[in-house]
Amino acid sequence: MLFLLSPAKSLDYDTPLPEGVGHTLPQFVPQSTRLIEVLRQKSPQDVAALMGISDPLAALNVARYAAWRPKFTAANARQAVLAFNGDVYEGLQARSLTLDELDWAQRHVAILSGLYGVLRPLDRMQPYRLEMGTRLATDAGANLYQFWGASIAEHLNRQLAADATPVVVNLASQEYFKSVDRKVLKARVIECVFEDWKGGAYKVISFHAKRARGLMARHAIRHQVATPRQLEGFDLEGYAFASAASTPERLVFRRKAA
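Here this note's numbering is used: the first residue of the sequence shown is 189, the next is one more, and so on.
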């Protein structure tokens, strides 16, 4: 079973790393290098327009692209799950996981990335910004979905090759999950949906749903979840499985009050 997460825009390269955490290297460095070469041709104004970001943020990322190197070291990179710092990762709380739990996550969690394709939690990552939905033209096509093509799904297939009944649990956003070619992917896909009670109805509230995706990943890691049925036991921060609203491929979890 493999759990997919989105990356985060917010990054933390300042907080000291926990002791004893190992690292691995990203698996698509040649592809990342090609993307960096394309990005280096763009001015701060180009980047601001392409990504819809402010001038200072564009300048920061142009500097990141210039500094990026195909060699990943303790000086220029850190483990992805400890570098990402958005709502999902506040739910995941990777710093509080044990080394054994991080080792399990390394084998069962995959972070989708516009620049890196797929990151394992302990893959070293240099800082960047490149969302999967960015319309960055390359020699492979007009956007990143065309650039990555079938390679992400093929990679996930290899990671799941030892499983008799491979299952992917999608905790990523649709923007990122679209990068997984469903025609190529050989696994069953289960979506987890998190709804909160608001205005007299249950609905997906973006901030809460992002955090809940991280909480579900944390639940899976702490309990070494191996079957779809075990997912139904998720109960962190007041969520509970809503059987009547769910299907085998779409598990709904609801919460009355945040």
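Yeah, the Cβ is synthetic: ideal placement off N, Cα and C, and Gly gets one too.
Secondary structure at Ile241: coil, using DSSP grouped into helix, strand and coil.
Going by beta carbons, Asp243 and Ala236 fall inside the 7 Å limit. Taken atom to atom, the span from the alpha-carbon of Ala325 to that of Leu332 is near 8 Å.
Of the candidates Ser198, Lys444, Met189, the residue whose Cα lies closest to the Cα of Tyr316 is Ser198. Going by C-alpha positions, Ser231 is about 11 Å away from Tyr253.
Remark: three or more beta-carbon pairs, one from each stretch, lie closer than 8 Å, so the stretch 206–221 and the stretch 250–266 are flagged as touching. As for any alpha helix (DSSP H) of minimum length 4 sitting wholly inside the stretch 356–390, the runs are 362–365, ordered along the chain.
Secondary structure note for Ala397: its alpha helix (DSSP H) is the uninterrupted segment 394–411. If you look at Val276, you'll find it in the alpha helix (DSSP H) that goes 275–280. Annotated three-state conformation of Gln229 is coil, per DSSP. Residues Asp384, Lys386 of the same chain have their beta carbon placed closer than 7 Å to that of Ile393, with the five preceding and five following residues left out of the count.
Beta-bridge partners assigned by DSSP to Phe272: Leu199.
Secondary-structure assignment with DSSP links Gly305 through a beta bridge to Ser301.
Three or more Cβ pairs closer than 8 Å define a contact, and the stretch 199–213 meets that threshold against the stretch 270–282.
Between Glu363 and Gly402, the gap from beta carbon to beta carbon reaches 7 Å or more. In the three-state DSSP reduction, Phe422 falls in the coil class, being neither helix nor strand.
Judged by DSSP in its simplified three-state form, Thr221 adopts helix. About 7 Å separates the beta carbon of Leu344 from that of Ala298, a gap short enough to meet the 8 Å contact definition.
DSSP places Phe191 inside the beta strand (DSSP E), whose first and last residues are 190–193.
Looking from the CA of Met239, the closest CA among Gly302, Arg346, Ser431 belongs to Gly302. In the structure shown, Asp311 adopts extended strand secondary structure according to DSSP, grouped into three states. Only residues of its own chain outside the window of five on either side were considered, and among them Trp385 have a CB closer than 6 Å to the CB of Lys444, listed in chain order.
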